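Notes follow once the structure below has been shown.
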Amino acid sequence: MMIDDKKGQRAVEKASPVQITAVYEGNDLGVSLGANLCIFKVWSPVAAQMHLLLYPPLTDRNSAEQLDQLKYQVMPMQSDGQGVWVLNIEGDWQRYRYMFRPTFADGTSTTAVDPYARAVTMNGEMGVIIDLERTHPEGWRKDQRPKLLHATDAVLYELHVRDFSIHPSSGIVNKGKYLAFTETGLRDEAGHTLGIDHLAELGITHVHLMPVFDFATVDESSVNDNLHDVSNYNWGYDPLHYNVPEGSYASRADDPETRIREFKSMIAALHQKGIGVIMDVVYNHTFDTAGSSFEKLVPGYYYRQHADGTYSNGSGTGNEVATERLMVRKFIIDSVRFWAEQYHVDGFRFDLMGLIDVATMKQLTSELHTRVSPSILLYGEPWGAMESPLAEEMTLKGTQRGAGFAVFNDNFRSVIKGDSDGDGKGFATGEEGKAAHLWTGVQGAIHDFAEAPAETLNYVTVHDNLNLWDKVARTQGLHEVLGFLQYNEDGSLKGCSSVEEAVSKANPYLQVDPNDVLGNETVRRCLLANGIVLTAQGIPLIAAGDELLRSKYGDMNSHQSGDVVNAIRWDQKQRYKPVFDYYRGLIHLRREHPAFRLRTREAIERYVCLLHQEEGLLAYEIQGTAAEDTWQRIVVIYNASMQTRSIPLPSGVWNVAVEDGRVDMHSLRTMENGQNGPYGENSQIEVRGISMTTLYSVL
Numbered sequence: 003m004m005i006d007d008k009k010g011q012r013a014v015e016k017a018s019p020v021q022i023t024a025v026y027e028g029n030d031l032g033v034s035l036g037a038n039l040c041i042f043k044v045w046s047p048v049a050a051q052m053h054l055l056l057y058p059p060l061t062d063r064n065s066a067e068q069l070d071q072l073k074y075q076v077m078p079m080q081s082d083g084q085g086v087w088v089l090n091i092e093g094d095w096q097r098y099r100y101m102f103r104p105t106f107a108d109g110t111s112t113t114a115v116d117p118y119a120r121a122v123t124m125n126g127e128m129g130v131i132i133d134l135e136r137t138h139p140e141g142w143r144k145d146q147r148p149k150l151l152h153a154t155d156a157v158l159y160e161l162h163v164r165d166f167s168i169h170p171s172s173g174i175v176n177k178g179k180y181l182a183f184t185e186t187g188l189r190d191e192a193g194h195t196l197g198i199d200h201l202a203e204l205g206i207t208h209v210h211l212m213p214v215f216d217f218a219t220v221d222e223s224s225v226n227d228n229l230h231d232v233s234n235y236n237w238g239y240d241p242l243h244y245n246v247p248e249g250s251y252a253s254r255a256d257d258p259e260t261r262i263r264e265f266k267s268m269i270a271a272l273h274q275k276g277i278g279v280i281m282d283v284v285y286n287h288t289f290d291t292a293g294s295s296f297e298k299l300v301p302g303y304y305y306r307q308h309a310d311g312t313y314s315n316g317s318g319t320g321n322e323v324a325t326e327r328l329m330v331r332k333f334i335i336d337s338v339r340f341w342a343e344q345y346h347v348d349g350f351r352f353d354l355m356g357l358i359d360v361a362t363m364k365q366l367t368s369e370l371h372t373r374v375s376p377s378i379l380l381y382g383e384p385w386g387a388m389e390s391p392l393a394e395e396m397t398l399k400g401t402q403r404g405a406g407f408a409v410f411n412d413n414f415r416s417v418i419k420g421d422s423d424g425d426g427k428g429f430a431t432g433e434e435g436k437a438a439h440l441w442t443g444v445q446g447a448i449h450d451f452a453e454a455p456a457e458t459l460n461y462v463t464v465h466d467n468l469n470l471w472d473k474v475a476r477t478q479g480l481h482e483v484l485g486f487l488q489y490n491e492d493g494s495l496k497g498c499s500s501v502e503e504a505v506s507k508a509n510p511y512l513q514v515d516p517n518d519v520l521g522n523e524t525v526r527r528c529l530l531a532n533g534i535v536l537t538a539q540g541i542p543l544i545a546a547g548d549e550l551l552r553s554k555y556g557d558m559n560s561h562q563s564g565d566v567v568n569a570i571r572w573d574q575k576q577r578y579k580p581v582f583d584y585y586r587g588l589i590h591l592r593r594e595h596p597a598f599r600l601r602t603r604e605a606i607e608r609y610v611c612l613l614h615q616e617e618g619l620l621a622y623e624i625q626g627t628a629a630e631d632t633w634q635r636i637v638v639i640y641n642a643s644m645q646t647r648s649i650p651l652p653s654g655v656w657n658v659a660v661e662d663g664r665v666d667m668h669s670l671r672t673m674e675n676g677q678n679g680p681y682g683e684n685s686q687i688e689v690r691g692i693s694m695t696t697l698y699s700v701l
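Residue 701 is where the sequence shown ends in the working numbering, and the numbering goes up by one at each step.
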């Protein structure tokens with residue numbers, strides 16, 4: 003997650019904590035539709051009265067401003083004794099807008115959008131009554147999740163919806179939209195696949211989408227007017243409505259049904275390609291505190307406080323949601339189940355999961371796996387941004403043991419690359435003394451914090467901080483040579499009047515010879531870093547564009563830099579095709595060979611053994627046959643040093659499948675008499691500097 007205190011957050015200095023015992027266990031909060039019947043339910047045990055405000059429906063004939071001037075109906079709701087207010091009204095109320103008006107014992111009153119709203123008006127100003135059955139795209143009832151037998155079978159790809167298609171080189175018509183994922187058959191001038199076909203060719207199992215529920219700070223009414231307006235760009239870590247797709251990614255934000263239908267169309271298109279969808283969800287905080295529906299309906303309940311009554315700020319954004327309180331926990335579980343069931347979402351990544359209490363994560367995991375699908379992937383960041391009163395109840399590394407969800411392995415990340423934004427190095431970027439720690443990560447963290455490899459999410463970079471190309475270049479001291487963006491202490495750009503100017507002057511690939519891409523040191527270190535991720539035990543995740551050598555021009559926090567920095571430049575596929583081929587080959591290797599995705603601690607301890615370890619070098623063997631692989635024995639060697647290293651091999655006939663930036667599932671070459679000596683205990687293989695080699699034996 004990105005932390006930023008300049009997002010217009012309206013903090014509340016003092017909370018008014020209330021002791022609430024009323025808990026509602028039903029699954030029908032919000033709006034339910036029956037035959038000629040509409041049922042409204044909202045939880046607010048501290049309200050003395052509750053009214054439903056019912057506004058005329060949205061139509062193409064009336065603007066929202068005109069409709070707001072029309073008279074709305076005010077209807078009293080009844081308390082059911084469990085803190086829930088209920089109102090049943092007969093008739094067809096499709097597309098009517100609605101709000102709740104709580105009145106409290108002191109006479110104060112406000113209006114709030116239904117926190118359970120499934121549809122909203124543009125910019126989320128009101129809830130809308132929608133029959134979700136009417137939002138299904140063609141063939142939706144036949145949509146099926148791609149099969150996933152075990153979490154370690156997954157290969158994840160973190161992606162921002164807008165970044166995916168906004169650049170002219172994407173060839174996509176629906177730029178920046180959900181529908182971009184439905185466009186197939188696109189190719190560049192050299193015939194290389196683009197868009198969703200590129201994802202399928204790459205071989206990933208899941209797209210991990212950065213937040214796609216309704217967020218607060220993009221004006222949906224103007225997002226289509228200027229595709230290059232930086233204010234239209236957002237990472238989505240400013241939650242507004244948790245159960246509604248973001249409108250700026252829809253072709254029409256002013257039509258409540260369109261964003262829902264197009265979101266489902268995106269899911270269906272990815273599923274048809276065999277790709278699952280992970281949602282990045284932000285239940286740890288909301289964008290606004292005092293103005294949120296939670297605070298308006300039940301003041302002092304939904305947000306965590308310090309002992310003195312002030313709101314805590316473990317998220318670094320002004321508040322943190324009190325997930326440990328029963329009705330907050332219920333809301334989160336209801337919400338993720340809604341996305342999984344209504345939208346067929348295949349998994350969830352939890353932002354700042356450390357701020358979600360362990361009991362909530364365990365209950366949520368159990369319900370999703372037993373009541374929806376055991377194949378749903380769940381993982382998150384096992385940390386908070388700042389100090390939280392949740393303390394020992396936080397979901398940190400180790401608390402996930404045996405619970406069915408995974409955590410980001412920042413230990414492994416730092417060992418591989420070094421620090422996130424500075425000059426600090428790791429194994430793949432040339433730091434000595436890292437091989438032993440690397441071995442711990444390669445084994446799936448089972449001797450670190452994990453009970454099983456399915457509990458570690460292995461990665462080197464995601465949207466936060468420097469991306470992989472920029473980080474590696476920085477460790478080489480190239481950031482000034484390549485013209486990366488530099489900032490003054492006040493946040494202004496050095497030497498440029500705009501980001502566009504700075505990007506135009508930068509040349510991230512200045513030192514890459516187009517005729518020898520794989521010979522470049524920066525390229526080789528990037529391939530080694532993600533090569534480790536894709537061959538280690540656990541669940542691998544790569545960031546979108548790594549396979550194209552994507553650069554963000556040294557911007558370490560690009561959430562406000564717009565498309566000029568963030569857009570994926572698809573013309574780089576043709577330019578750096580050997581890099582794409584390497585990623586595709588390693589992903590195919592992993593998916594074809596179960597030895598790289600063992601499922602238990604016992605299997606790793608029994609079948610994965612260290613062969614050789616020294617400065618900048620790690621070699622290990624996997625007993626493939628024992629792990630039910632078609633390859634009998636597998637040797638993996640990581641050489642992060644600049645020099646070619648000679649490694650002794652166990653006796654046998656060996657086929658080289660990965661070497662010097664190339665992958666061949668059958669064999670690049672076979673270890674024969676001659677160059678590498680006779681077969682036997684003294685056989686050696688030479689591993690080129692800054693590369694990974696993988697060999698296998700079938701005899």
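Don't be surprised by glycine CBs; every beta carbon is placed ideally from N, CA and C. This one's a predicted model, so the numbers in the text were calculated from it and none came from an experiment.
In three-state terms, what does DSSP make of residue i?
| i | result |
| --- | --- |
| residue 359 | strand |
| residue 512 | coil |
| residue 481 | coil |
| residue 659 | strand |
| residue 692 | coil |
| residue 687 | strand |
| residue 680 | Per-residue confidence for residue 680 stands at a pLDDT of 41, beneath the threshold of 50, marking its modelled position as unreliable; the derived number appears in the next sentence. Residue state, collapsed to three classes: coil. |
| residue 343 | helix |
| residue 623 | strand |
| residue 21 | coil |
| residue 56 | strand |
| residue 333 | helix |
Would you kindly work out how many angstroms separate the C-alpha atoms of residue i and residue j, rounded to a whole number?
| i | j | result |
| --- | --- | --- |
| residue 291 | residue 601 | 42 Å |
| residue 633 | residue 36 | 58 Å |
| residue 327 | residue 333 | 10 Å |
| residue 396 | residue 451 | 15 Å |
| residue 528 | residue 128 | 47 Å |
| residue 436 | residue 538 | 15 Å |
| residue 735 | residue 417 | Summary: the structure shown does not reach residue 735, with the chain confined to residues 3 through 701, and so no result is reported for it. |
| residue 79 | residue 339 | 27 Å |
| residue 635 | residue 611 | 11 Å |
| residue 307 | residue 320 | 11 Å |
| residue 669 | residue 638 | 14 Å |
| residue 414 | residue 345 | 33 Å |
| residue 471 | residue 695 | 21 Å |
| residue 678 | residue 206 | Confidence at residue 678 is low in this model, with a pLDDT of 46, below 50, so the placement of that residue should be treated as unreliable; the coordinate-derived value is given next. Roughly 35 Å separates the two Cα atoms. |
| residue 259 | residue 137 | 6 Å |
| residue 499 | residue 484 | 18 Å |
| residue 356 | residue 616 | 35 Å |
| residue 254 | residue 248 | 11 Å |
| residue 106 | residue 112 | 9 Å |
| residue 534 | residue 45 | 49 Å |
| residue 523 | residue 549 | 16 Å |
Please name the residue, chosen from the options, that lies closest to residue i on a Cα-to-Cα basis.
| i | options | result |
| --- | --- | --- |
| residue 363 | 335, 190, 385 | 335 |
| residue 156 | 279, 85, 295 | 279 |
| residue 47 | 135, 298, 661, 196 | 298 |
| residue 444 | 390, 620, 190 | 620 |
| residue 657 | 645, 650, 686, 698 | 698 |
| residue 433 | 406, 342, 531, 454 | 531 |
| residue 482 | 511, 494, 104 | 511 |
| residue 243 | 213, 606, 256 | 213 |
| residue 643 | 389, 688, 174 | 688 |
| residue 448 | 211, 662, 34, 403 | 403 |
| residue 233 | 608, 564, 584 | 564 |
With residue i and residue j assumed to form a contact (beta carbons below 8 Å), what rounded beta-carbon distance in angstroms separates them?
| i | j | result |
| --- | --- | --- |
| residue 283 | residue 352 | 6 Å |
| residue 216 | residue 126 | 5 Å |
| residue 546 | residue 159 | 6 Å |
4 or more residues per run - each alpha helix (DSSP H) lying fully within the stretch 254–308: Complete alpha helix (DSSP H) runs here, min 4: 258–274, 295–299.
Within the stretch 167–240, ranges of the beta strand (DSSP E) (whole runs, at least 3 residues): Runs of the beta strand (DSSP E) inside the stretch 167–240: 208–211, 215–217.
Completely contained alpha helix (DSSP H) runs for the stretch 64–133, where each covers 4 or more residues: Annotation: the stretch 64–133 contains the following complete segments of the alpha helix (DSSP H) (minimum length 4 residues), in chain order: 66–71.
Length at least 3, wholly inside the stretch 523–559: the beta strand (DSSP E) runs in chain order: The qualifying runs are 541–545.
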